[in-house]
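For the sequence shown, my numbering gives the first residue as 135, with consecutive numbering after it. Glycine included, each C-beta is placed from N, C-alpha and C at the ideal position. Have a look at the structure below, then the notes.
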Amino acid sequence: MTEEELLETLTIPVTSASFIQTLITLPDGEAIALCFKLLISGKVEDAVLAKDIIGKGLEKGLVYFADVLALPEEVTEEELEKVVGAREETLRAYLGLEEMRRRIGTWEIISPKQIAAPEAKGEPLDTLMVDKEEIQSLPQEDMELDDPWGEDGGPKEGDSRESTLLDDPWLQNSSVLASGSTSQVVNTPAASSTGAIESADPLPIAMSQFLSQPILISALYLASTSSLQALKLLCQHHNGELYPYRFDLLEAVPGWVSPNDLEAVELLPAVDSEDSERWVRPVATSAIVTHYATPKIISDLYLPSSMSTIPPTILLQPRQHAASPSDLTKWYTTHVLSLDEVGILDTQLAWVQHGASLGVPSLDSLGEDLSLLSRLVYDANLTQDQHAKWTIGNWMCAKESDIIAAYLSNSTPESVASDVRRLVMPYLYVLQSRAERAGMPSANLVSDSLNATILSLPLRLALPLFEASKATLPPSERVIRDDLDVARLALACLYGSQERGGAVWSTMSSIFECLPVWELTGEDAEDEELTSTTLDSISNFLRPTSASTPPPTRSDILFFFQPLPFASLSRALDILDVQLESGEILARWGVEKRLGELLGMTGDQKGQMELAEKLAKQAGASIGKGGEDRWRKLWNDMERLSSGEGLLKGALGTLTLQARGRIYFDGILRSGDFEIAKKMLKMLQAEGAIDNAAAVEVVLKVSKDFYVSADSCNIYTGNMKLANDSLSVAPSTPAIIAERQYIEATLLSAVLSDSSSDAFRHPDLMLELAEKLGCRGDTDRGLVWGMVGRAAIAKEDWPMASKAVENMVQRVKKNQDGQTAVKQEQQSVANSGSTLRSETWTLAHTLSSQSEFSDISAKLSFVSSAIELCPASEIPSILETFRQIEKGRIRLDEAAKRRRMKGIAAPQLPSEPSIGVSSVAAVQERVLGSRTAAKAAKLALDIGGRLTAHRQLPSPSLLSSATFSSPFAGYELARPLSRNSAAGSEGGSDGGYKIGGSLSSGTAGARDLFEHLGREEAERVRKGARRALVRGVGWLLGADESEIAGAEQ
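Laid out in structure tokens, this is it:
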């Protein structure tokens, strides 16, 4: 049977007797392998039974491998392999049992269970025979062992001559055979009653694991489960194997374990008096055990890998040699920083304290940082997120300003002074001490850092610090002890503040009240140059050079005030007092200005003018109606803003009484309370702040602003009403009357345009309104006609549109005739004439482009005027309109020609009355309500009326000239047309017309065509032609056949 099969046959639980019976039947090699496999299988967890199995396996191995064990230490690998031969696996099992023999004793020492020695039952299985002479020959001192559980490390008094024999773990009793015996059995029990851990808690590792896995793995497991006492004993008994991994074992201990517990079991590395590393002291090795130890080369080659090889997943950093003090400092620092993940600050601080007590150098700074950090964490009322942020690692990387800001991040006005004293100042003193230790002392480090801290605070938190620095307090109680520093810091905080709001000014005033009071004496008290220089230098420094330049910071301002002498600093406080009063007044009326902005406006009259206007406007919005008392208070405040002694004046110090009066009166008018304005005007006039001329000027300006911003032209509502009513505040003057007429004319114009859609049909009234509005020139009247013409085109009132264009053309030509008389300085008149010219040709072109406008002769006239007046760049588009008009005229000519070709001649007709308006109306009534057909009939009857009026049909040439009144018959254009533009519409010809020249001639007259027709026949032809003309024109205008049927009659 194999070893595996034998293991399966063993009864559970395995007993010593049953196992011995099994081994009797096996050869020595198989017995050794069976013992080893049984122990690593995990079926044996009893130490006594394990010792029996180990003893029996080793007993057989001593015989089986006698030749191998007899080899010297100097044997080579080749020689060893020859001796071992095929027994390699058995040798590995034997060496494993030997290693287990060494570990089982350690297990009994670290195991918390008391192991009672069983009674002797005959000869023990694991008795090792040792010669008495050998025992007696052992040195006395080599036999002494340190008892880790003894109360002191030395032997008891009176036992100095006794030898303490190392108990052999392979014997079941501790008795020594009689001295006369030839041999002596040394029995080493598993552990004496004083050597085991007297604890009821079991170890977190099984005995079979401890015996079979690498001893380092067991040590790491004990460390990770914080079994510190067991770990210490293991390190004592296996020091040679575990010493290189001492730092790995310490780092495997959970972070929450206190270093006090580690120091109690001597696991913390220390520095001794000789600056050498001190760690767990090893237990002296027994000479007997050493004597029977296997040669090292055999153990190195054949010890089972499962008992010696560390898995590659476990990353270790062995250190074979003792660490130097500096190395220990680095390790302690690194380990403390690694504990940030745990987040127990007290444990980190305890590590530093224990390290320092154990002689590890250069941990003072780390300890100081941890102490200061603990103050931040426990005393600064941090939020949960802040707690998560502030670890020792982040602390060491943070800037000084960030740490101070964290100390005061949750401070209140009530606690900030105390927080600075108990949190910030100790931190600054530590920084100063470090600088001195580093050989870089700085006498101003604390004060400079404190100043930077105060400058970084908002005003509400800075105020308590200034209150705690008053000159009336004892120096030891003051946060800022130097009066000059207090003044400089206050000036920097106030002038550099970007805060806004009414509460800010009260805080600033409270800070000013905390400042020391200095009285200048002698020449400095009356030195205006000193005041001027100080004021100019401060204002120039605070005034930005451009809009994109940011204002100076508080630190910049403090740097500016730092070198100022006492006299200049005192004068700067006087200036600050004036500016604070101005800022409070402005804030009371809702005008927000920073203190630095106010000082930057010193001497800036334009800036102060704008500030006064903003103040009056803001006050008008907040006072409302009926606030006479508040308006008087505003005037008093404006006087205070301009008052002062010498150069120390308020925010409006450069404005005269009259300038302030105009701005104040303007603000009242814009509020819309004109009754109050009348009362305040009398007050201002009584004080000489404004006269009648200035009052009229202000009223007119305000009225015009109301007029421009009005949403409607109704003078009874909105801003138009304010524009009209405001005129009643000032005395009645021609300018006031004219402005009122202007507003009334606007109303009349709006009423006409809104109440009637045909106001354009009354051009005389429109011209009269324009004259009331101030449009009295000929060019202005032409522009008014342009407005009439556009409205007429929109309403399709072609006669009125034609009249408007004709009037505009006449005025343009009139201006052209007198253009040579226009002088160079009359540029505005020339500009308005150019505007009229542009409006004229644009409107003429627009009217001639309307398809609904049927007067072809007028269209040709207007399009020719547009060509004459337009810029050269517009000629092509206008010519296209001209061609379209000509095409329509040519189609009419061709229709007449076709009738003539059919032999229809016009007879000699008697005189007939022309068709007038009544005839047109009659025709329109027969068109069944069709608008388009009615237009076609009207156009046709107009043409027919013109034809019958001549009593004979003219030639085609005369038809185009006389019938349609072509504007080109005998009219020369002002500018010649280009060659391409003058081309005709049909095949490049002009259809018999020459622009600017005479009419074509040489055609037969109409009388010759109609001479052979009788009277009745001629009448029939005339009626047929009229019906055809109606149909043609109707078709051109887009009418249906059915719509024109009623007009043919």
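Sequence-distant residues of the same chain with beta carbon closer than 6 Å to residue 919, five excluded per side
For this step, residue 919 is matched to residue 785 along the sequence shown. Sequence-distant partners of residue 919 (beyond 5 residues in either direction) whose C-beta falls short of 6 Å from its own C-beta, in its chain, are 938, 941, 942.
Residues bridged to residue 782 (per DSSP):
For the purposes of this step, residue 782 is taken as residue 648 along the sequence shown, with counting starting at 1. Bridge partners of residue 782 according to DSSP: 779.
Taking all protein chains shown into account, decide if residue 450 is buried (16 or more other Cβ within 10 angstroms of its Cβ) or exposed.
Here residue 450 refers to the residue found at position 316 when the sequence shown is read from its first residue. Only exposed fits residue 450, as fewer than 16 other CB atoms lie within 10 angstroms of its CB.
Taking C-alpha atoms, which residue in 693, 851, 794 lies nearest to residue 829?
Here residue 829 refers to the residue found at position 695 when the sequence shown is read from its first residue. Distances from the alpha-carbon of residue 829 to those of 693, 851, 794 put 794 closest.
Would the beta-carbon of residue 129 fall within 7 Å of that of residue 441?
With the chain represented from 135 up to 1183, any question about residue 129 goes unanswered, as that position is not in the structure.
CA-to-CA distance, residue 753 to residue 724, given in whole angstroms:
Within the sequence shown, numbered from 1, the residue matching residue 724 stands at position 590. Within the sequence shown, numbered from 1, the residue matching residue 753 stands at position 619. Cα to Cα, residue 724 sits roughly 8 Å from residue 753.
What does the alpha-carbon distance come out to for the pair residue 353 and residue 496?
Numbered from its first residue, the sequence shown carries residue 353 at position 219. Numbered from its first residue, the sequence shown carries residue 496 at position 362. Cα to Cα, the separation comes out at about 30 Å.
Between the C-alpha atoms of residue 969 and residue 978, what's the straight-line distance to the nearest angstrom?
If you number the sequence shown from 1, residue 969 lands on position 835. If you number the sequence shown from 1, residue 978 lands on position 844. Each residue's Cα considered, the two are about 14 Å apart.
Assign residue 393 to one of two classes, buried (16 or more other C-beta atoms within 10 Å of its C-beta) or exposed (fewer than that).
Residue 393 sits at position 259 when you count from the first residue of the sequence shown. Looking at its Cβ environment, which holds 16 or more other Cβ atoms inside 10 Å, residue 393 is buried.
Straight-line Cα distance separating residue 987 from residue 1098:
As a working mapping, residue 1098 is identified with position 964 in the sequence shown. As a working mapping, residue 987 is identified with position 853 in the sequence shown. Bear in mind that a pLDDT of 31 at residue 1098, under 50, signals an unreliable position, so the number given afterwards is only what the model happens to contain. Taking the straight line joining both Cα atoms gives about 14 Å.
Whole angstroms is fine: what's the gap from residue 980's alpha carbon to residue 808's?
Within the sequence shown, residue 980 is the residue found at index 846, counting from 1. Within the sequence shown, residue 808 is the residue found at index 674, counting from 1. If I take the Cα positions, the gap works out to 49 Å.
In terms of alpha-carbon separation, which member of 784, 785, 823 lies closest to residue 800?
Along the sequence shown, one-based indexing puts residue 800 at 666. The residue with the shortest Cα to Cα distance from residue 800 is 823.
CB residue 165 to CB residue 194, shorter than 7 Å?
The sequence position of residue 165 within the sequence shown is 31, counting from 1. The sequence position of residue 194 within the sequence shown is 60, counting from 1. A contact, by the Cβ cut-off of 7 Å.
By Cβ distance, which residues of its chain are closer than 6 Å to residue 424, with the 5 residues on each side in sequence left out?
The residue given as residue 424 occupies position 290 in the sequence shown. Low local confidence applies: a pLDDT of 43 at residue 424 is under 50, so the model's placement there is unreliable, and no value is given.
Evaluate residue 1081 with the Cβ neighbour count: other Cβ atoms within 10 Å of its Cβ, from every protein chain shown; 16 or more gives buried, anything less gives exposed.
As a first step, residue 1081 is located in the sequence shown; it is residue number 947 there, counting from the start. A caution first: residue 1081 carries a pLDDT of 38, below 50, which makes its placement in the model too unreliable to give a value.
Counting contacts by CB-CB distance shorter than 7 Å, is residue 428 in contact with chain B?
Here there is only one protein chain, and chain B is not present.
Does the segment 759-774 come close enough to the segment 693-710 to have 3 or more Cβ pairs within less than 8 Å?
Because the criterion of three Cβ pairs below 8 Å is not met, the segment 759-774 and the segment 693-710 do not touch.
So, does the segment 705-714 touch the segment 739-757, judging by three or more C-beta pairs under 8 Å?
Touching, no.
Which residues mark the beginning and the end of the alpha helix (DSSP H) in which residue 566 is found?
Taking the sequence shown and counting its residues from 1, the one referred to as residue 566 is at position 432. Residue 566 -> alpha helix (DSSP H) spans 559-571.
So which of 860, 570, 622 has the shortest CA-CA distance to residue 877?
For the purposes of this step, residue 877 is identified with residue 743 of the sequence shown, where counting begins at 1. Measuring from the Cα of residue 877, the nearest candidate turns out to be 860.
Contacts around residue 395, its chain only, beta-carbon distance under 7 Å, and the 5 residues preceding and following it disregarded:
The residue labelled residue 395 in the question sits at position 261 within the sequence shown. Correct list, in chain order: 362.
Just to confirm before moving on: does the CB-CB distance between residue 730 and residue 697 stay below 7 Å?
Residue 730 sits at position 596 when you count from the first residue of the sequence shown. Residue 697 sits at position 563 when you count from the first residue of the sequence shown. For residue 730 and residue 697, no; Cβs fall outside 7 Å.
Can you give me the C-alpha to C-alpha distance between residue 191 and residue 200, rounded to a whole angstrom?
Translated into positions along the sequence shown, residue 191 becomes position 57. Translated into positions along the sequence shown, residue 200 becomes position 66. Using only the alpha carbons, I get a separation of about 14 Å.
Tell me the rounded alpha-carbon separation between residue 151 and residue 171.
Residue 151 sits at position 17 when you count from the first residue of the sequence shown. Residue 171 sits at position 37 when you count from the first residue of the sequence shown. A direct Cα-Cα distance of roughly 18 Å separates residue 151 from residue 171.
Look at the alpha carbon of residue 994 and the alpha carbon of residue 984, and state the distance between them as a whole number of angstroms.
Locating residue 994 in the sequence shown gives position 860, where the first residue counts as 1. Locating residue 984 in the sequence shown gives position 850, where the first residue counts as 1. Their backbone Cα atoms lie some 12 Å apart in a straight line.
Other residues of its chain near residue 221: CB distance less than 7 Å, five sequence neighbours each side excluded:
By one-based count along the sequence shown, residue 221 stands at place 87. Residues 163 of the same chain have their beta carbon placed closer than 7 Å to that of residue 221, with the five preceding and five following residues left out of the count.
In this structure, how does DSSP classify residue 400 when only helix, strand and coil are distinguished?
As a position in the sequence shown, residue 400 is number 266, starting the count at 1. It is coil, neither helix nor strand.
Closest Cα partner of residue 635 within the set 721, 844, 651:
Translated into positions along the sequence shown, residue 635 becomes position 501. Closest by alpha carbon: 721.
Nearest to residue 762 by alpha carbon, out of 788, 787, 817, 785?
Residue mapping note: residue 762 aligns to position 628 of the sequence shown, counting from 1. Nearest in C-alpha terms to residue 762, of all of 788, 787, 817, 785, is 817.
Which one of 868, 173, 665, 900 has the shortest CA to CA distance from residue 782?
One-based indexing of the sequence shown puts residue 782 at position 648. The residue with the shortest Cα to Cα distance from residue 782 is 665.
Enumerate in chain order the residues of its own chain whose CB-to-CB distance from residue 453 is below 7 Å, with the five nearest sequence positions on each side excluded.
Here residue 453 refers to the residue found at position 319 when the sequence shown is read from its first residue. A distance below 7 Å between beta-carbons, with the five flanking residues on each side excluded, links residue 453 to the following residues of its chain, in chain order: 378, 381.
Quick check on the burial criterion: 16 or more other C-beta atoms within 10 angstroms. Buried or exposed for residue 338?
The residue labelled residue 338 in the question sits at position 204 within the sequence shown. Result: exposed.
Since I believe residue 692 is in contact with residue 622 (beta carbons under 8 Å), could you give me their beta-carbon distance rounded to a whole number of angstroms?
The residue you call residue 622 lines up with position 488 of the sequence shown. The residue you call residue 692 lines up with position 558 of the sequence shown. Contact between residue 622 and residue 692 holds: CB atoms are separated by about 6 Å, below the 8 Å threshold.
Thinking residue 641 and residue 579 are a contact (beta carbons under 8 Å), I'd like their distance in whole angstroms, please.
Your numbering for residue 641 matches position 507 in the sequence shown. Your numbering for residue 579 matches position 445 in the sequence shown. Going by Cβ atoms, the distance from residue 641 to residue 579 rounds to 29 Å, so no, they are not a contact pair.
Assign residue 264 to one of three DSSP states: helix, strand, or coil.
Sequence index remark: in the sequence shown, residue 264 carries index 130 (1-based). Confidence at residue 264 is low in this model, with a pLDDT of 37, below 50, so its placement is unreliable and the value that follows should be read with caution. The answer is strand: DSSP assigns residue 264 an E or B state.
Decide if residue 1035 is buried, meaning its Cβ has at least 16 other Cβ atoms within 10 Å, or exposed.
Counting from 1 along the sequence shown, the entry for residue 1035 is found at position 901. Classification for residue 1035: exposed.
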